[in-house]
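Residue numbering for the sequence shown follows the working numbering, starting at 156 and increasing by one per position.
Virtual Cβ for every residue (Gly too), placed ideally from N, Cα, C.
So the structure is just underneath, and the comments pick up after that.
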Amino acid sequence: MNVCAPSLMVAVVGPGRTRSGVSKQLRERLLRRGLRAHVLRSWHEMPVCDCDILLLTCPDKEMDGLVQQIENLWTHKWAAWYQERKVVRDGK
Numbered sequence: 156m157n158v159c160a161p162s163l164m165v166a167v168v169g170p171g172r173t174r175s176g177v178s179k180q181l182r183e184r185l186l187r188r189g190l191r192a193h194v195l196r197s198w199h200e201m202p203v204c205d206c207d208i209l210l211l212t213c214p215d216k217e218m219d220g221l222v223q224q225i226e227n228l229w230t231h232k233w234a235a236w237y238q239e240r241k242v243v244r245d246g247k
């Protein structure tokens with residue numbers, strides 16, 4: 156993953172119809188405000204880099220997998236940012 160990853164990840168947890176409705180409303184509102192949002196329908200999907208906010212939907216029973224996915228995304232993004240800063244600092 157690179158630093159073009161989403162700057163914010165939002166987890167929408169609950170029953171299927173509720174998750175779908177909430178995710179759709181959030182995405183529409185964010186788009187009206189000029190933010191690029193993407194809905195990840197399952198934590199099994201690969202995240203995309205072409206968005207500002209990633210909406211992750213998840214049933215209650217898969218919450219542990221979702222938490223792990225968010226931790227992995229954050230760790231990779233932080234590591235990429237840190238490596239970029241190190242290169243800039245060492246290049247001076």
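Exercise. Return the first residue and the last residue of the beta strand (DSSP E) that residue 201 is part of.
Key: No beta strand (DSSP E) holds residue 201; DSSP gives it neither H nor E.
Self-check item: Sequence-distant residues of the same chain with beta carbon closer than 8 Å to residue 190, five excluded per side
Solution: 207, 208
Quiz item: By the 10 Å Cβ neighbour count, where 16 or more other Cβ atoms means buried, how is residue 230 classified, buried or exposed?
Solution: Residue 230 is exposed by the Cβ-count criterion.
Quiz prompt | Cβ neighbour criterion (16 or more within 10 Å) applied to residue 194 | solution = buried
Quiz prompt | Chain-order list of residues whose beta-carbon lies under 8 Å from that of residue 186 (same chain, five-residue window excluded) | solution = Closer than 8 Å at Cβ, skipping near neighbours: 192.
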